[in-house]
Structures are given as structure tokens and as C-alpha cells.
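The sequence shown: position 509 = 509 (the UniProt record's numbering), numbered continuously.
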Amino acid sequence: MDDNYVEFNAKLTRDIHLVKKTEQLLEEINILQSRINHQIKIELSGSIKELKTLSHELKESNISLQLSNQLISLHKCIKSIKKTQEEKQYVNTAKTLQEMHSLLNNPHSLLQHLEVYTAIKDEYCNLSRSCVREASDLLHDQICWNNDEKEEKTTNSIAMKTEHDDIQELMQGLYIMDYFENELEIFSTKLMDYIIKPIIYDHCSVYVVKEKVFVVEILEKKKMPSYKSVLYNLKLLFKYLHQHLNSIIIDNETFLRKLQPYLLEQLLHPLITDCISHTIPTSNANLKNFEPVVEIINEFQNYLIEIGFLSEDQLILSNYTNNIDKLFINRICQDLLAKARNIMRKDLHDSVRYEPQVPPKLINKVFENDCELSIEKKLSDMSFYLPKCQISKNAQETLELARTILDEACDSSDACAIRLFYTCRNVFEMYAGLVPEHHKKFLETIPQQVALFHNNCMYLAHHLLTLAHEYRDKFSKVVQKLNLTFADQVVILRDAGSKCFLDHMKYQGNIIFDIIKDSGFSVLSQASQLDSSTERALRQCIRQLELLKTVWLDVLPVNIYCKAVGCITNSMIDDLVTKVISAEDIPIDVATELVTLFNMVVKRTPQIFPDQQIQQHVRKWGKFLELIKLLGASLKEIEVRWGNGKGPLAQEFTPSQVKQLIRAIFQNTDRRSNLLASIKV
Numbered sequence: 001m002d003d004n005y006v007e008f009n010a011k012l013t014r015d016i017h018l019v020k021k022t023e024q025l026l027e028e029i030n031i032l033q034s035r036i037n038h039q040i041k042i043e044l045s046g047s048i049k050e051l052k053t054l055s056h057e058l059k060e061s062n063i064s065l066q067l068s069n070q071l072i073s074l075h076k077c078i079k080s081i082k083k084t085q086e087e088k089q090y091v092n093t094a095k096t097l098q099e100m101h102s103l104l105n106n107p108h109s110l111l112q113h114l115e116v117y118t119a120i121k122d123e124y125c126n127l128s129r130s131c132v133r134e135a136s137d138l139l140h141d142q143i144c145w146n147n148d149e150k151e152e153k154t155t156n157s158i159a160m161k162t163e164h165d166d167i168q169e170l171m172q173g174l175y176i177m178d179y180f181e182n183e184l185e186i187f188s189t190k191l192m193d194y195i196i197k198p199i200i201y202d203h204c205s206v207y208v209v210k211e212k213v214f215v216v217e218i219l220e221k222k223k224m225p226s227y228k229s230v231l232y233n234l235k236l237l238f239k240y241l242h243q244h245l246n247s248i249i250i251d252n253e254t255f256l257r258k259l260q261p262y263l264l265e266q267l268l269h270p271l272i273t274d275c276i277s278h279t280i281p282t283s284n285a286n287l288k289n290f291e292p293v294v295e296i297i298n299e300f301q302n303y304l305i306e307i308g309f310l311s312e313d314q315l316i317l318s319n320y321t322n323n324i325d326k327l328f329i330n331r332i333c334q335d336l337l338a339k340a341r342n343i344m345r346k347d348l349h350d351s352v353r354y355e356p357q358v359p360p361k362l363i364n365k366v367f368e369n370d371c372e373l374s375i376e377k378k379l380s381d382m383s384f385y386l387p388k389c390q391i392s393k394n395a396q397e398t399l400e401l402a403r404t405i406l407d408e409a410c411d412s413s414d415a416c417a418i419r420l421f422y423t424c425r426n427v428f429e430m431y432a433g434l435v436p437e438h439h440k441k442f443l444e445t446i447p448q449q450v451a452l453f454h455n456n457c458m459y460l461a462h463h464l465l466t467l468a469h470e471y472r473d474k475f476s477k478v479v480q481k482l483n484l485t486f487a488d489q490v491v492i493l494r495d496a497g498s499k500c501f502l503d504h505m506k507y508q509g510n511i512i513f514d515i516i517k518d519s520g521f522s523v524l525s526q527a528s529q530l531d532s533s534t535e536r537a538l539r540q541c542i543r544q545l546e547l548l549k550t551v552w553l554d555v556l557p558v559n560i561y562c563k564a565v566g567c568i569t570n571s572m573i574d575d576l577v578t579k580v581i582s583a584e585d586i587p588i589d590v591a592t593e594l595v596t597l598f599n600m601v602v603k604r605t606p607q608i609f610p611d612q613q614i615q616q617h618v619r620k621w622g623k624f625l626e627l628i629k630l631l632g633a634s635l636k637e638i639e640v641r642w643g644n645g646k647g648p649l650a651q652e653f654t655p656s657q658v659k660q661l662i663r664a665i666f667q668n669t670d671r672r673s674n675l676l677a678s679i680k681v
């Protein structure tokens, strides 16, 4: 117990001491915490505020310093620009302007908030415009264009007035200032107008004076030079440009390479279309001699690659000439269609007489076994032959051209033969469409030209029936398998000729209708005697028909002439008969005058037809003759000709028409009433 007490008491004393010390420490902590809360925090708050103020002042100082540095840099730029511009150092000027532009347009800069910013910006714009204008003007002074026009000839030239390095300085400066594209566009336009177009399109003399002035002297405008001359002169031009303007603009890119996007298309289009395309052969014989042409063209292209105007993969000219087979056939077809177009524009009235060939005589053939084969003829010798007529020379030339095309196709490759065959078809299709449009005014008013066009279409359609058959065996087996025919175009040509001719027949018929309409035939019931205009109108109608005879009889085939004039005459006769039948009252004197006038028609009209068998061609002729007899007949004679509905009068007129005429001509009497009653409807 004593031992335990002694040990426990020592521990207790030690623990009490620790507790007191802990309490003392806690009290010190509380005092410290209280001091922090009441003194340190207040002092710290003041320090933070002061720190923020100092930090803000530091930031303002930094911004002021940055702005000051930027303003100093801008000031240095302005001084440098003015100095280098005075010294003609346009590359340095442009770079400094570029630097100044970056400073003024820096999105992280606060320069825009300064009042002086607008003034500095304006100064920059003024300096930039001044530098661009000065460099551009100097460049235009260094590269001088001249156009001297005199009465007999025109001389264009381009001259370099300074050294290569001076021009390079100006070009590089303008490039850095983003104004070089405008200069390239201006240069390429002037180069085309002053130099290249005259070289391609005009007969001219090209030479260089003292290695400084490139001269194009136009000797004769619009006289196309040979392709050799064009390529030689263009090569001379590019040598001159390479010598004087082969400046490095940026990153080893030369002036000529920079010029290419602006000039290449302008140069190649006329060069290929209006020069090189003319070298394409137009026959198989010329095709064999095309190789030297290709060599000259490739030599020019290689030079453009050598001087850097074209890249090595821009083989535009050689790609064009390498496709010679397609170019060859395209050129041939274009030339043939152009030739056809020129033929079709020729005057239609320039005509020839077409005479069908004498058909071969068919003879009875005796075979080896003495068996005779007799030929039974059921058709005329002239069956399937186009009758005699006048045709335009241009129709004859069109057919000859078609045969030339087919002859060329027979000697060509399969691909060319097919193209040529369809070109031949296009010729005939063009004839049906182009001729009516090109000669429209004449075909609307001149009967001779209408008849010729009708004959032309029938002439071409007639030959198209057998044209493909004539040449089929001359083509290769491959081509023969295709549907080579012109049969569908036969209908097109016939329709074109027929439509034009029928439209003109209607036009001629309307002329006669209008003449009759404006005459006394329209007022037969209103006058005691015929108006003087009636005879004049009828004679005018006959003269119109006689005019058609004059211009048509020797032009149209006889059967077509008779049908056409017969149709127009029939319309005139029908109109006259209708006007007489429609009259409610025809005085006896008027009827007598009508008989006289109509007999004049009967006398003169048959002479319009070559065989004078007018009843075969004018369907209403019998009706017209009966009308004349009726107008001059008595009631008894009318009764006889009616013949109870079986006489000649009844064959031409209906009962109602006969009754109408009787009422119009004769007064109301018992005899008239009896006759009217006997005519049954």
C-alpha cells in the first residue's frame, strides 16, 4: 500500500502540474485569439486595402509604360516611313507600314482608347495611300505603254525606263502593301490589248529596240497571221518580259508566276480558239502532216515552263494537241456545217432545171436452158422518179455536200465515220430549219421562192430515201450494224416544204377573198345594177391567178401546179357562188351582168391550166357553170335542168339553194310558185 501510494502520489502531482500548465497555455491562446480578433484583423484589413491600391497603381504604371512604348514605336514607324519613302526604299517602307498596321490593330492593345489614336490612324492611312500612290506611279513610269495610230498603220509598244532592281523594289513594296494584285490586273489587261491581241489577230511586225522597247507594228488589221508567226512573236514577247521583269516578288516566286493567274486564261482562249484551232487538219491527208505543228506548239509551251510562267504540270497546249483525233473530227464537222450554212443562205431564186434520169430499159433475159424470163410491166417507167421542176442551186449544192461528207466517212475510222454520218444528218435537219427562217420575208410574199423551197424540200427528201442505202456497203462492218438511215428526215423535209407552200396558198387565197369582199359582190341585193368595182375586182382576181401561172408553171411539177392553182381557183369560184346564192334579191339587169362577167371567167380561167381541163382541177367548176346557166335561164329552162331532182342542176345545187336563187331572180308569180313547189327538199 505504501509503495503504491508513493507511486500514485508522484503521478498525481505531475498530472496536476500538467493541468495547470495546460490551463495557462489555453489562457494565452485565448488572449492571442482575442488580440487577433481585436487588433491584428483590423491592421490586416488596412494592409490588404493598401496592397490593392498599390497593385492597381502598378498595373496603371505598366499600361502607361506599354502605351508609351507603343506610341514611341508608332512615332519611330512614322519617322522611318517618311525617311525610307524619301530614299525610295519601298520594301522597308512597306514593312514599316505593315508593322504600324499591326500596332494599330492589335486587339489586346488599349491604344484605341486614347484620344490621339484617331489622329495616328489617319496619319497611317495618309502615309499608306501616299506610299502606294507613289510606288504605283513610279512603276507606271518605269513600264511605259505607248499607242501611236496613223492613217496607214498602228504601232503599240512597251518600254522599260529603268534597271531591273528598281522595278523589283517597287513590285516587292506593292506586294507587301497588298496592292500588287491591282497592278498585275492592269498590266495583264494592257499586255493583252496592246501586244498579245494584235499578235494573234493582225498581220504585224514585231521587234525589240535596243533591248528596252518591245514594238508591235500593225501592218494590216484583222488579217490573221500564220500560227508560226503568232507563236514566234509570243515567244519573243515572253523573252522580253523574262529579261526585264523576272523579279523575285516573295519566296522565290517571280513576277511571271504571279502574273500567270491574271494572264493565262486571257492568253490561251484566243490563242487556242482563233489560232491553234485553225491548224487542225480538215482531211485525212493533212492529218499526216500535223506532227511539225505539234512540235512548234510544244516548243512554245516548254519555253513558258522554262521561264516559270507555267508550272510543269500545266501542259494545256500539249493536252489540246494530243487530243488530235477528236479535234480533227470536230474541226471537220464544224467546217462542214459552216459550209452548209453558207450554202443555205444563198438566194433561192438562183435556180436550175431538174430533169430526172432516163430509167434503164428492162429487157427479157434468156437463160442458159433457153428459158426466157419475161418482165410484166405494171408500173410506169417514171414511177418513183421526181418529176421535172425548178430547184434552187443551193439545194443541189446541199446534196453534193452531203455526198462529199459520206465519201469522207467511208475513208475514215469507225468513230469518225459515225460523227460524219450524223453531221450529214444535221445538214438536212439544218436545211429544214434554217432556210425558212433565213428567207422568211421572201417566203411570206414571193410565190416563186415559195415554190422553189417546196421543190427543194421534195428534191432532198426524194434523194434521202435511197442515200443511206447507196453508201451502206461502203462502210465498215462495225458501222453497218448501226441504224444508218435518213428515212425519218424525209418526213421532216416534206413537212417543211408542204407547210410553207400551203401557208402561201392560203395567203394567195386570202388576197382573192379580200378583193371579192371589197367589191360589189357583197351588195348584190342593194343595187339595180352591178357596181363598177365588181368587174374590176373579178378581172383582178383572174390576173392574180395568171400571175401565179407565170411564176409557178415552169417551176412546180405539173401535177403540183394544177393541184395548187386548182385549189385556189376552186376557193375563188366557191366564194363567188356563195355570194350569189346568199343574195336575197338579184335584179334582172344584175343577173345579166353577172352572166357576162362569169363568162369572162369561164373564158380566161381554163387558160391558167396547161391542159385546160379545168374540171379535173377545180371541183366547183361544174357548179359555177350551172350557176351561169341558171342566172340567164327562164323558169322553164330551170325546171328542165332540175329534172325532178335528177338533172344537171340537181347534181350541183341542193333544193334549198335552187329555191333561194329562183326567189332572188324571179318575181312572185304562179309559175314561180308552181316551180318552187315541184322542187322537193
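Backbone N, C-alpha and C define an ideal beta-carbon position, used for all residues, glycine too.
DSSP three-state assignment for residue i, whether helix, strand or coil
i: Arg403; result: helix
i: Gln314; result: coil
i: Asp166; result: helix
i: His203; result: strand
i: Gln390; result: strand
i: Arg353; result: strand
i: Ile324; result: helix
i: Glu181; result: helix
i: Val618; result: coil
i: Val427; result: helix
i: Val640; result: helix
i: Val209; result: strand
i: Phe367; result: With a pLDDT of 47 at Phe367, under the threshold of 50, the predicted position of this residue should be treated as unreliable, and no value is reported.
i: Ser277; result: helix
i: Arg14; result: helix
Residue i burial status per 10 Å Cβ neighbour count (16 or more: buried)
i: Asn455; result: buried
i: Ser136; result: buried
i: Pro107; result: exposed
i: residue 682; result: Residue 682 falls outside the range modelled here, since the chain spans only 1 to 681, and no answer is possible.
i: Pro225; result: buried
i: residue 762; result: Not covered by the structure: residue 762. The range shown for the chain is 1 to 681.
Start-to-end residues for the alpha helix (DSSP H) that takes in residue i
i: Tyr303; result: 291 to 306
i: Glu265; result: 255 to 274
i: residue 701; result: Residue coverage of the chain in this structure runs from 1 to 681, which leaves residue 701 outside it and unanswerable.
i: Ala633; result: From DSSP, Ala633 is part of no alpha helix (DSSP H); its letter is neither H nor E.
i: Lys223; result: Lys223 -> no alpha helix (DSSP H), and no H or E assigned at all.
i: Lys659; result: 655 to 665
i: Arg672; result: 670 to 678
i: Leu649; result: 648 to 652
i: Asn284; result: 284 to 287
Selection from the options that minimises the alpha carbon distance to residue i
i: Asp325; options: Asp313, Ser277, Asn302, Glu299; result: Ser277
i: Phe428; options: Met344, Tyr507, Lys440; result: Met344
i: Met275; options: Val577, Arg331, Asp611, Thr118; result: Reading the sequence as shown, one finds Cys at residue 275 and not Met. Here the closest residue by C-alpha is Arg331.
i: Arg663; options: Glu652, Pro648, Ser283, Ser634; result: Ser634
i: Lys221; options: Asp178, Phe238, Glu151, Leu174; result: Glu151
i: Ala496; options: Lys440, Arg403, Val523; result: Lys440
i: Phe501; options: Thr445, Ile608, Leu263; result: Thr445
i: Arg536; options: Lys517, Pro198, Tyr124, Leu256; result: Lys517
i: Ile329; options: Ile418, Leu245, Phe300, Leu268; result: Ile418
i: Gln489; options: Leu465, Asn342, Glu312, Leu649; result: Leu465
i: Asp611; options: Val580, Cys562, Arg641, Cys567; result: Cys562
i: Leu386; options: Gln172, Glu626, Ile560; result: Ile560
i: Lys603; options: Arg403, Phe624, Asp585, Ala591; result: Phe624
i: Trp552; options: Ile608, Ile542, Leu315, Gln526; result: Ile608
i: Ile391; options: Leu259, Tyr459, Ile72, Asp531; result: Tyr459
i: Leu434; options: Ala468, Asn394, Asp473, Asp411; result: Asn394
i: Gln540; options: Ser476, Asn105, Leu443, Leu597; result: Leu597
N-terminal and C-terminal residue of the beta strand (DSSP E) that residue i is part of
i: Phe521; result: Premise fails: Phe521 is in no beta strand (DSSP E) and is neither H nor E.
i: Ser157; result: 154 to 160
i: Val213; result: 213 to 220
i: Ile248; result: 248 to 250
Return the chain-ordered ranges of every alpha helix (DSSP H) run that is complete within the stretch 437 to 519 and spans a minimum of 4 residues.
You should have 440 to 445, 447 to 472, 477 to 480, 487 to 517.
Any chance you could list the alpha helix (DSSP H) runs of at least 4 consecutive residues sitting entirely within the stretch 87 to 150, in chain order?
The qualifying runs are 90 to 104, 117 to 142.
Please give me, in chain order, every unbroken run of the alpha helix (DSSP H) with length at least 4 that falls completely inside the stretch 562 to 625.
Qualifying alpha helix (DSSP H) stretches, in chain order: 588 to 604, 614 to 617.
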